[in-house]
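According to mature numbering (1 follows the signal peptide of the UniProt record, and there is no 0), the residues represented by the sequence shown are -17 to -1, 1 to 405, in order.
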Amino acid sequence: MKKLLTLLLLASFSITAQNSMEQDIIDIEDKLIEWRRDFHQNPELSNREFKTAEKIAKHLKSLGLDVEVNVAKTGIVGILKGDNPGKVVALRADIDALPVTERNDLPFKSEVKTTFLNTETGVMHACGHDTHTAILMATAEVFSKHKDKINGTIKFIFQPAEEGPPPGEEGGAKLMIKEGVLDNPKVDAIFGLHINSQTPAGVIKYKTGGIMASVERFVINVKGKQTHGSQPWSGVDPILISAKIIDGLQTIISREARLTDEAAVITVGKITSGTRFNIIPESAEMIGTVRTLDPKMRAMIERRMKEMVETIAKAYGGEATITFQNNTSITYNDAALTEQILPSIQKVAGAENVQLMKATTGGEDFSYFQEKVPGVYFFLGGMTPGNTEAFPHHTPDFQIDESGMLLGVKAFTQITLDYLNN
């Protein structure tokens, strides 16, 4: 009887605590939207998020968190220790904007201008990182009021340069890891989300395993033999070789990749060669990208590309080399962790609003965190339900329905509580 009474008292406390936290989440929505609009109106590019970082740090300090600034140049990390010992959970938001000129009539639209890679451009939160930042700030505030309900520690990671650091600079998740963001205290699991302009507000999408692709940048250098355009037999045409290489690379996808397992893409996006119409040049350069969702398929494709580039060039009398640069790894959701947190997401969104999705060939450097610790990344709906014209990310017309943001706070809060208190 005594044991039963204790269990009932604990259950009663849990329900009361949960209701109190739920009300705090509801009450923070106005702040959440205000923060998002401020970030949206004042966007900053990768590794230049100075004012954004300042605002985040000021807020976290006001909540009593231990705050570290200038992590990976402009990143902010806040640590909240619960009243009870336990595991360490990291929650991550990216904070940078894009060199895109905003094209809409929002009262808080960005008017910021800058020079990016020698080109005049606007600056815009055209991928929703302003919403991610505001959601994580709100989550931190909610938890700061309920330390007695936290069995462990929460690390709030505000990451710069997700879109990639400027040429010649380090940045993003990779630099944060290098500087020890997953240590002191050591993180046991990490969670992240991404708002999606083409998923209805109120919906969460997830996938076990590869949810976003690895992003490889490749450069192919072809060497031929220069000659007069009227005498091709006197030289070796690197443009012809390039065309044959491009054609050959596509057969890796269409004839060798097991596409029934996961998708894969090889794209040549740029070719540079020649100076005049009547000169067969000496060299050509091709630049492109490879997207994969499976580590074994990724290794196979890179191996076959190297073999094909070299042998095709040799078959036509030339030489060619290929180099790869890894921009992001596969965003790979840990299967056991995904299964563990799925009930938490269903609890706040409703089981009917939590949908299994197919993988996307977009990339995300959250993947580097997942290479070090188990992690789950999911998509949060940001489209007005019933909208028939939702503009994609990275475009001047990109917009988000702010009514979907509060679910992000609820999801982060429930996932973290359930993981730490399991």
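Note that CB positions come from ideal geometry on N, CA and C, so glycine has one too. Values in this document were obtained by computation on a predicted structure and should not be read as measured data.
One question on the structure: do aspartate 171 and proline 357 come within less than 9 Å of each other, judged by their Cβ atoms? Mapped onto the sequence shown, residue 171 falls at position 188. Mapped onto the sequence shown, residue 357 falls at position 374. Result yes, Cβ atoms of aspartate 171 and proline 357 sit closer than 9 Å.
Give the DSSP bridge partners of leucine 361, in chain order. For the purposes of this step, residue 361 is taken as the residue at position 378 of the sequence shown. In the sequence as displayed, the identity of residue 361 is phenylalanine instead of leucine. As a beta-bridge residue in DSSP terms, phenylalanine 361 pairs with Leu176.
Can you find at least 3 beta carbon pairs, one from the segment 102 to 122 and one from the segment 375 to 391, that sit closer than 8 Å? These segments touch.
Please classify histidine 211 as buried or exposed, where buried requires at least 16 other C-beta atoms within 10 Å of its C-beta. Walking along the sequence shown from the start, residue 211 turns up at place 228. The residue in question, histidine 211, is exposed, as its Cβ has fewer than 16 Cβ neighbours within 10 Å.
What would DSSP say about glutamate 124, mapped onto helix, strand or coil? Here residue 124 refers to the residue found at position 141 when the sequence shown is read from its first residue. Secondary structure at glutamate 124: helix, using DSSP grouped into helix, strand and coil.
How would you call phenylalanine 33, buried or exposed, if buried means at least 16 neighbouring beta carbons within 10 angstroms? Position 50 of the sequence shown holds residue 33. Taking all protein chains in view, the Cβ of phenylalanine 33 is surrounded by fewer than 16 other Cβ atoms within 10 Å, so the residue is classified as exposed.
From histidine 42 to methionine 120, what distance separates their C-alpha atoms? Your numbering for residue 42 matches position 59 in the sequence shown. Your numbering for residue 120 matches position 137 in the sequence shown. Taking C-alpha positions only, histidine 42 is separated from methionine 120 by approximately 8 Å.
Out of curiosity, what's the CA-to-CA distance linking aspartate 244 and methionine 366? For the purposes of this step, residue 244 is identified with residue 261 of the sequence shown, where counting begins at 1. For the purposes of this step, residue 366 is identified with residue 383 of the sequence shown, where counting begins at 1. Spanning the two alpha carbons is a distance of roughly 30 Å.
Taking a contact to mean a Cβ-Cβ separation below 9 Å, would you say serine 29 touches glycine 105 in this structure? As a position in the sequence shown, residue 29 is number 46, starting the count at 1. As a position in the sequence shown, residue 105 is number 122, starting the count at 1. The criterion of a C-beta distance shorter than 9 Å is not satisfied by serine 29 and glycine 105.
My output table needs one value for phenylalanine 260: the three-state DSSP class, helix, strand or coil. Residue numbering aside, residue 260 sits at position 277 when the sequence shown is read from its first letter. Phenylalanine 260: coil per DSSP, three-state reduction.
Glycine 269, DSSP secondary structure in three states: Walking along the sequence shown from the start, residue 269 turns up at place 286. Rather than glycine, the amino acid found at residue 269 in this sequence is methionine. In the structure shown, methionine 269 sits in a strand (DSSP, three-state: E or B).
Give me whichever residues DSSP pairs with phenylalanine 201 in a beta bridge. Position 218 of the sequence shown holds residue 201. In DSSP, phenylalanine 201 forms a bridge with Gly271, Phe307.
Taking the alpha carbon of phenylalanine 91 as the point to measure from, which residue in His23, Leu63, Ser45 has its own alpha carbon closest? Mapped onto the sequence shown, residue 91 falls at position 108. Cα-wise, what sits closest to phenylalanine 91 is His23.
Am I right that proline 183 and glycine 58 are in contact with their C-beta atoms under 8 Å? What's the rounded C-beta distance? Counted from its first residue, the sequence shown places residue 183 at position 200. Counted from its first residue, the sequence shown places residue 58 at position 75. Going by Cβ atoms, the distance from proline 183 to glycine 58 rounds to 32 Å, so no, they are not a contact pair.
How about the segment 299 to 309 and the segment 233 to 248: do they share at least three Cβ pairs that are nearer than 8 Å? Contact between the segment 299 to 309 and the segment 233 to 248 is absent, because fewer than three Cβ pairs lie under 8 Å.
Give the DSSP bridge partners of arginine 75, in chain order. Here residue 75 refers to the residue found at position 92 of the sequence shown. Per DSSP, the beta-bridge partners of arginine 75 are Ile140, Gly175.
So for glycine 155, helix, strand or coil by DSSP? Working through the sequence shown from its first residue, we reach residue 155 at position 172. Assignment of glycine 155 by DSSP, reduced to helix, strand and coil, places it in the helix class.
What's the call for threonine 343, buried or exposed, on a 16-neighbour Cβ count within 10 Å? Reading the sequence shown from its first residue, position 360 is the one you call residue 343. Threonine 343 comes out buried.
If you pair each beta-carbon of the segment 150 to 165 with each one of the segment 190 to 202, do three or more pairs fall below 8 Å? Per the Cβ contact rule, the segment 150 to 165 is not in contact with the segment 190 to 202 (fewer than 3 Cβ pairs under 8 Å).
Quick check on the burial criterion: 16 or more other C-beta atoms within 10 angstroms. Buried or exposed for glutamate 37? By 1-based counting over the sequence shown, the position of residue 37 is 54. The residue is exposed, with fewer than 16 neighbouring Cβ atoms inside 10 Å.
Whole-angstrom distance between threonine 294 and aspartate 179, CA atom to CA atom: Numbered from 1 along the sequence shown, position 196 holds the residue referred to as residue 179. Numbered from 1 along the sequence shown, position 311 holds the residue referred to as residue 294. The identity of residue 179 in the sequence shown is asparagine, whereas the question assumes aspartate. Whole-angstrom Cα-Cα distance: 42 Å.
On a Cα-Cα basis, can you pick out the residue from Ala332, Val331, Asn316 that is closest to glutamate 354? As a position in the sequence shown, residue 354 is number 371, starting the count at 1. Looking from the CA of glutamate 354, the closest CA among Ala332, Val331, Asn316 belongs to Asn316.
Cα-Cα separation between glutamate 322 and isoleucine 398, rounded to whole angstroms: Position 339 of the sequence shown, counting from 1, holds the residue named residue 322. Position 415 of the sequence shown, counting from 1, holds the residue named residue 398. Near 12 Å, if we compare the C-alpha coordinates of isoleucine 398 and glutamate 322.
For the candidate residues Gly69, Arg31, Ala117, Ile262, whose alpha-carbon lies nearest to that of valine 54? Walking along the sequence shown from the start, residue 54 turns up at place 71. It is Arg31.
Would the segment 234 to 242 count as touching the segment 254 to 272 if we require 3 or more Cβ pairs under 8 Å? Contact fails: fewer than three Cβ-Cβ distances are below 8 Å.
Classify lysine -15 as helix, strand or coil using the three-state DSSP reduction. Along the sequence shown, read from residue 1 onward, the residue named residue -15 stands at position 3. In this prediction, lysine -15 has a pLDDT of 49, which is less than 50 and means its spatial position is unreliable; what the coordinates show is noted afterwards. Note: lysine -15 maps to helix in three-state DSSP.
I need the boundaries of the beta strand (DSSP E) containing asparagine 53, first residue and last residue. Taking the sequence shown and counting its residues from 1, the one referred to as residue 53 is at position 70. DSSP places asparagine 53 inside the beta strand (DSSP E), whose first and last residues are 49 to 54.
DSSP-derived helix/strand/coil call for isoleucine 160: The count along the sequence shown starts at 1 and reaches residue 160 at position 177. Under the three-state reduction of DSSP output, isoleucine 160 falls in the helix class.
Local conformation of isoleucine 254 per DSSP, three classes: One-based indexing of the sequence shown puts residue 254 at position 271. If DSSP states are grouped into helix, strand and coil, isoleucine 254 belongs with the strands.
Give the DSSP-derived three-state secondary structure of asparagine 167 in the structure shown. Along the sequence shown, read from residue 1 onward, the residue named residue 167 stands at position 184. Here asparagine 167 sits in coil by DSSP.
Could you check what DSSP says for glycine 231 in three-state terms: helix, strand or coil? The residue labelled residue 231 in the question sits at position 248 within the sequence shown. Secondary structure of glycine 231 (DSSP, three-state): helix.
How would you label alanine 282, buried or exposed, when you count the other beta carbons within 10 angstroms and need 16 or more for buried? If you number the sequence shown from 1, residue 282 lands on position 299. Answer is exposed; the Cβ neighbour count stays below 16.
Of the residues Ile203, Asp220, Trp216, which one's Cα is nearest the Cα of isoleucine 229? The residue you call residue 229 lines up with position 246 of the sequence shown. Of the listed residues, the one whose Cα sits closest to isoleucine 229 is Ile203.
Measuring alpha carbon to alpha carbon, tell me which of Asn67, Leu48, Leu165, Ile118 ends up nearest phenylalanine 349. Against the sequence shown, residue 349 aligns to sequence position 366. Minimum Cα-Cα distance from phenylalanine 349 among the listed residues Asn67, Leu48, Leu165, Ile118 corresponds to Leu165.
In angstroms with no decimal places, state the Cα-to-Cα distance between proline 149 and valine 60. For the purposes of this step, residue 149 is identified with residue 166 of the sequence shown, where counting begins at 1. For the purposes of this step, residue 60 is identified with residue 77 of the sequence shown, where counting begins at 1. Between proline 149 and valine 60, the C-alpha separation is close to 22 Å.
Leucine -9 (DSSP reduced to helix, strand or coil): For the purposes of this step, residue -9 is taken as residue 9 along the sequence shown, with counting starting at 1. Residue confidence for leucine -9 is low, a pLDDT of 37 falling below 50, so the modelled location carries little weight; the figure read from the coordinates is stated next. Here DSSP, grouped into helix, strand and coil, assigns leucine -9 to helix.
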